[in-house]
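Here is the structure we will look at.
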């Protein structure tokens, strides 16, 4: 284990600064060990939310520095949702910056209300609607085409592999909202999927 | 259970998020409803296809390095544990061991200086004691050190290059009085410590200590240590410009 230099006898003066340096190094090491293994997950969400590599990298870096600054407020439990919640806040700030005002996910993160109830959708003959496998790039595009509020729950569930409770923590909404939003998101994704199959059919 | 309820809950069923009672209720409905059964099958298929594909992105190695560099450096192994290592390495020739020992002792001096510099930097900001001689004129600051130090430190005004000289003061590092020069870049203060000796080191290095960036380089007879909350790129730029102006 790393120990503060000041605890070493005969190694100088044991100043406050040295003790602080040791404690800071310990804290940084704990952060490296617990948070940084999730960097791919954080980067993945950033890519889907922001759409390009440069913005995603900036957001991930900002997220990590912010998380490190507030590491003392992390009280155990799963660190992944905690990090992803910070990343999401960074991304919302970026949406606001792009729009020059707060739009994008919306102030409350609520999806637009033009979402028709699921049961009003066209009743297709079930057998005709079976989905075929698409290649990975096509699927990534379909997810990227979803409105942000639906895109984020799909990424958090299908790619980041979070439970409903963890997703609720990230998007700061009740579990019931997570469930209904995910249902709506998958319905939209399925529509896009069927359209893509038609488009790529010979 | 009605279809509109089942259409939401079947997702929770797929995701294994339903308690036993609700799961049974959805399954009972699906057994009697062709349309909901088809949806359940479809969404299960879709979820399976998503799960089998690589939809995640890998964070670039360069991004990982950048983040790592912005965090405070990990604590170095202390001297005693290194010496223990020597004792254990029976096959190590004494000549190599002696060489390593010198390296360890030097590192000790450097790390002591480093921690003193961080403390001195913090002290200068907290006690509002940045300068003893307040001047942006190098020809005022440099003579001020005469008689206060054995060797005159290099004092260079870099205002034209974006780093404004604020002034100088005496500080104590490694048990000796040394010259500290204060510069400003936008809202950031840079303290430059001019430490006598240790000028034999070749090359410059930047590291992060306690959230500050520290740039160290050598000039004949001196080692120079610049510390600031300025980002590493600009601090390196400061170091290069200072070194270039000194040689030029």
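Residue numbers (the numbering used here), protein chains in the order written: chain A, 76 to 277; chain B, 157 to 404. Every residue, glycine too, gets a C-beta built ideally from N, C-alpha and C.
Check, Outcome
"Quick check on the DSSP output: the beta strand (DSSP E) that includes residue 363 of chain B runs from which residue to which?", "361–365"
"Under a Cβ-count criterion, where at least 16 other Cβ atoms within 10 Å of its own Cβ denotes burial, should residue 302 of chain B be classed as buried or exposed?", "exposed"
"Considering only the alpha carbon of each residue, which of A/136, A/220, A/229 lies closest to residue 162 of chain A?", "A/136"
"Let me know if residue 298 of chain B comes out buried or exposed under the rule of 16 or more other beta-carbons within 10 Å of its beta-carbon.", "buried"
"I want to check one thing, is the minimum distance from the CB of residue 133 of chain A to the heavy atoms of the ligand HEM below 7 Å?", "No copy of the ligand HEM appears in this structure; indeed no ligand is present at all."
"I want to see whether chain B comes within less than 8 Å of residue 244 of chain A, judged by CB atoms only; does it?", "no"
"How would you call residue 261 of chain A, buried or exposed, if buried means at least 16 neighbouring beta carbons within 10 angstroms?", "buried"
"Excluding the 5 residues preceding and the 5 following residue 369 of chain B in the sequence, name in chain order all residues of the same chain whose CB lies nearer than 8 Å to its CB.", "362, 363, 383, 384, 385, 386, 387, 388, 391"
"Taking C-beta to C-beta, are residue 123 of chain A and residue 171 of chain B nearer than 8 Å?", "no"
"Distance, Cα to Cα, residue 173 of chain B vs residue 195 of chain B?", "18 Å"
"Given this structure, state the Cα-to-Cα distance separating residue 217 of chain B from residue 276 of chain B, to the nearest angstrom.", "35 Å"
"Could you list which residues in chain B have their beta carbon closer than 7 Å to that of residue 166 of chain A, in chain order?", "Those do not exist, as residue 166 of chain A stays about 14 Å from chain B at its closest Cβ, beyond 7 Å."
"Look at the alpha carbon of residue 352 of chain B and the alpha carbon of residue 223 of chain B, and state the distance between them as a whole number of angstroms.", "33 Å"
"Does DSSP put residue 352 of chain B in a helix, in a strand, or in coil?", "strand"
"In whole angstroms, what is the alpha-carbon distance linking residue 99 of chain A and residue 228 of chain B?", "7 Å"
"Please identify, using Cβ separations under 8 Å, the residues of the stretch 141–158 of chain A that lie next to chain B, in order along the chain.", "143"
"Does the beta carbon of residue 170 of chain A come closer than 8 Å to any beta carbon on chain D?", "In summary, chain D is missing from the structure at hand, where the protein chains are A and B."
"Using the DSSP secondary-structure output, state which residues sit across from residue 332 of chain B in a beta bridge.", "B/329"
"Per DSSP, residue 373 of chain B forms a beta bridge with which residues?", "B/380"
"Residues of chain A with CB closer than 7 Å to the CB of residue 210 of chain B, please, in chain order.", "211"
"Who are the neighbours of residue 343 of chain B on chain A, taking C-beta pairs under 8 Å?", "Under the 8 Å cutoff, chain A gives no residues; its nearest Cβ is about 18 Å from residue 343 of chain B."
"Can you check whether the CB of residue 211 of chain A is closer than 8 Å to the CB of residue 209 of chain B?", "yes"
"Using three-state DSSP, classify residue 188 of chain B as helix, strand or coil.", "helix"
"Do residue 245 of chain A and residue 159 of chain A have their C-beta atoms closer together than 8 Å?", "yes"
"What is the DSSP secondary structure of residue 226 of chain B, counted as helix, strand or coil?", "helix"
"Rank A/157, A/134, A/132, A/131 by C-alpha distance to the C-alpha of residue 109 of chain A and give the top, closest one.", "A/157"
"Look up residue 289 of chain B in the DSSP assignment and give the residues it is bridged to.", "B/324"
"Can a CB atom of chain A be found closer than 8 Å to the CB of residue 382 of chain B?", "no"
"Is the Cβ of residue 198 of chain B closer than 8 Å to any Cβ of chain A?", "yes"
"Leaving out the 5 sequence neighbours to the left and right, which residues in its chain are closer than 6 Å to residue 397 of chain B when beta-carbon positions are compared?", "314, 317"
"Under 8 Å between C-beta atoms, does residue 115 of chain A make it to chain B?", "yes"
"What three-state label does DSSP hand residue 145 of chain A in the structure shown?", "coil"
"Quick one: what does DSSP say residue 213 of chain B is sitting in, helix, strand or coil?", "coil"
"Hey, is residue 224 of chain A's beta-carbon within less than 8 Å of any beta-carbon in chain B?", "no"
"Measure the alpha-carbon distance for residue 243 of chain A versus residue 193 of chain B and round it to whole angstroms.", "27 Å"
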